[in-house]
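Protein chains: 2
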Amino acid sequence: MKILIVDDEYDILEFLSYNLKKEGYEVFTAQNGIDGLKQAKKIIPDLIILDVMMPEMDGMQLCEQIKSTAKLENAFIIFLTARSEEYSELAGFSSGADDYVTKPISPKLLISRIKAILKRGNGFKDDDVISIEKLLIDKQKHIVKYDDQDIVLARKEFKLLYCLMTMPGKVFTREELITKVWNDAYVGDRTIDVHIRKIREKIGVNYIKTVKGIGYKFNL
Amino acid sequence: MKILIVDDEYDILEFLSYNLKKEGYEVFTAQNGIDGLKQAKKIIPDLIILDVMMPEMDGMQLCEQIKSTAKLENAFIIFLTARSEEYSELAGFSSGADDYVTKPISPKLLISRIKAILKRGNGFKDDDVISIEKLLIDKQKHIVKYDDQDIVLARKEFKLLYCLMTMPGKVFTREELITKVWNDAYVGDRTIDVHIRKIREKIGVNYIKTVKGIGYKFNL
DNA sequence: CAAAAGGTTAACAATTTGTTAACATTAGAA
DNA sequence: TTCTAATGTTAACAAATTGTTAACCTTTTG
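Protein chains in written order, with numbering that gives the first Met the number 0: chain A, 0 to 219; chain B, 0 to 219.
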């Protein structure tokens, strides 16, 4: 579940980021509205936490921008306000916010609000699960199934398959795979081939195509 | 309802004590962390109000001590901070606080926060009971049953199992478990394994699957 | 306060995973 | 078709991860 926090105060970004990450959310941050909007468009967060008061583009404006962006119109929004008195100011706007939390922020309160909001919404989007044809891969559960049959892959094999399945059809060069799966470790090309072979063997069906001279790709 | 206030400033103790007693709470006070912890263990308060800045043992440290004391781990905690800028200092700690209140303290605000917290605590039993297959875990009653047979788990074992059962199937890395079960304490990986082993031993059925290279997950 | 229970760690064993070299095979250009 | 570079396969070995035990320290409880 992806959360974007936009606040000009670095301390608050740090504070919230820490507490939300601990809860298992993917947290992204921005220190101003411009950057916030840019990031939001890229990340497509499920929830956006906005400071009302910010230089350049305040929370209100940003909220309107967000709500008028097709990809983001379903994102949930929580406003942070300095004091509860500012409710009155907020009231006048049909800003499209889903909740308000006043500073100073209690992380437990915020988290319970977030959970409430995400539960409320149809927020069931397991973006960690990729399912293509009879093959399913679930990153969170670390499970691979072919035709509902469990397939046990080792760590590297799993990462490799997941990588290929994130962009079906795209050819990954060995260099790319070493970057994405091996974190640029110094491994030989044959190592990759061996892992590919093991995956093919375990799945039984050849979903991974060799593109001679280039690399590998996931394809039916 | 018992409340313990720990603050080195006598005036604040007096002030809060007076206001809270007026609301009908049983109020206890301590002027430093050492004494605060000692009293807490004796009194077992429902709520503890801690000053972040104190000589000898500050609020953070005291909070950690409290949270790692079995009898006190369910106590609610409110921090008093001098200014909201101190977020940054709070950020680095997994404090386990339920709320923050900044000085100067408005007794009205504080009391409303206290009521909110205590209400939250009594009223809602989120999903404190999780039942999967023949295994049942009840957080409130601190009970585990397998096939209607009582299983006695130690505190850490319980917390660990509960954590895993909140998201069946999800693989928890050891890092995640240290955050959620140990509150980021410095414990070795083998410690987790030992606890896992004990749980498996006590339940008798292997509900906890090892995902090599990643961590553990609850699964049938 | 002492006994019992719980928590942590180190050391080592057992197991799984990752890598490589060597060789076999294959695709595709010439 | 033939040749060659690229890929596939295998097995051996190295490295990493987890399981287990026992000892030791801490906390809780009677």
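Yeah, the Cβ is synthetic: ideal placement off N, Cα and C, and Gly gets one too.
Residue nearest to residue i in terms of C-alpha spacing, selected from the options
i	options	result
Leu-117/B	Ile-77/B, Val-151/B, Tyr-145/B and Gln-139/B	Ile-77/B
Leu-3/A	Pro-106/A, Lys-70/A, Glu-22/A and Phe-75/A	Phe-75/A
Glu-22/B	Gln-148/B, Leu-109/B and Thr-178/B	Leu-109/B
Lys-41/B	Ile-65/B, Lys-20/B and Ile-202/B	Ile-65/B
Glu-156/B	Pro-44/B, Leu-79/B and Ile-207/B	Ile-207/B
Tyr-24/B	Gln-30/B, Leu-15/B and Asn-31/B	Leu-15/B
Ile-202/A	Lys-1/A, Thr-178/A and Tyr-145/A	Tyr-145/A
Met-53/A	Cys-62/A, Leu-46/A and Asp-45/A	Cys-62/A
Asn-198/B	Gly-58/B, Val-186/B, Lys-211/B and Tyr-215/B	A quick correction: the sequence has Ile, not Asn, at residue 198/B. When only C-alpha atoms are compared, the closest one is Tyr-215/B.
Lys-102/B	Ile-213/B, Asp-6/B, Phe-217/B and Asn-205/B	Asp-6/B
Leu-134/B	Met-164/B, Arg-112/B, Val-180/B and Asp-192/B	Met-164/B
Ile-195/A	Asp-97/A, Leu-71/A, Leu-160/A and Gly-212/A	Leu-160/A
Thr-80/B	Ile-33/B, Ser-105/B, Leu-36/B and Ser-67/B	Ser-105/B
Phe-171/B	Ile-142/B, Lys-138/B, Lys-211/B and Ser-111/B	Lys-211/B
Pro-167/B	Asp-192/B, Ile-142/B and Phe-217/B	Phe-217/B
Asp-57/B	Ile-177/B, Cys-162/B, Thr-209/B and Ile-33/B	Ile-33/B
Glu-72/A	Ile-43/A, Glu-13/A, Thr-28/A and Ile-150/A	Ile-43/A
Lys-115/B	Asp-127/B, Val-128/B and Asp-98/B	For the record, residue 115/B in the displayed sequence is Ala; it is not Lys. Minimum Cα distance to Ala-115/B is reached at Asp-98/B.
Asn-205/B	Ile-213/B, Leu-219/B, Asp-192/B and Val-193/B	Leu-219/B
Asp-50/A	Lys-140/A, Asn-31/A and Asp-183/A	Asn-31/A
Asp-10/B	Leu-176/B, His-141/B and Ala-29/B	Ala-29/B
Glu-200/B	Val-151/B, Lys-140/B and Ala-69/B	Val-151/B
Lys-1/B	Leu-36/B, Gly-35/B, Glu-13/B and Leu-46/B	Leu-46/B
Tyr-17/B	Thr-68/B, Asp-183/B and Lys-107/B	Lys-107/B
Leu-19/B	Arg-112/B, Leu-36/B and Asp-137/B	Arg-112/B
Residue i - containing alpha helix (DSSP H), residue span
i	result
Thr-190/B	188–202
Residue i: first and last residue of the uninterrupted beta strand (DSSP E) it sits in
i	result
Lys-208/B	207–210
Leu-134/A	134–137
Tyr-185/B	Neither: Tyr-185/B is in no beta strand (DSSP E) and is coded neither H nor E.
Lys-216/B	214–217
Lys-1/A	1–5
Cross-strand partners of residue i (DSSP beta bridge)
i	result
Val-100/A	Leu-79/A
Lys-144/B	Leu-135/B and Asp-149/B
Val-128/A	Asp-137/A
By the 9 angstroms beta-carbon criterion, what residues does the region 194–213 of chain B contribute toward chain A? Val-210, Lys-211, Gly-212 and Ile-213
Runs of 4 residues minimum, wholly inside the region 7–63 of chain B: which ones carry the alpha helix (DSSP H) assignment? 9–21 and 32–42
Where are the beta strand (DSSP E) runs, 3 residues long or more, that stay fully inside the region 148–176 of chain B, in chain order? 148–150
Residues in the region 129–143 of chain A having any Cβ partner in chain B nearer than 7 angstroms: Gln-139, Lys-140 and His-141
Report the residues of the region 146–179 of chain A with a CB closer than 8 angstroms to any CB of chain B, ordered along the chain. Ala-153 and Arg-154
Mind listing which residues of the region 8–22 of chain A have their C-beta closer than 7 angstroms to chain B's C-betas, in chain order? Asp-10, Ile-11, Glu-13, Phe-14, Tyr-17 and Lys-21
Against chain A, which members of the region 37–54 of chain B pass a CB distance test of less than 9 angstroms? none
Proximal residues, the region 97–112 of chain B versus chain A, C-beta separation under 7 angstroms: Asp-97, Asp-98, Tyr-99 and Thr-101
With 8 angstroms as the C-beta to C-beta threshold (strictly closer), list the residues of the region 62–78 of chain B near chain A in chain order. none
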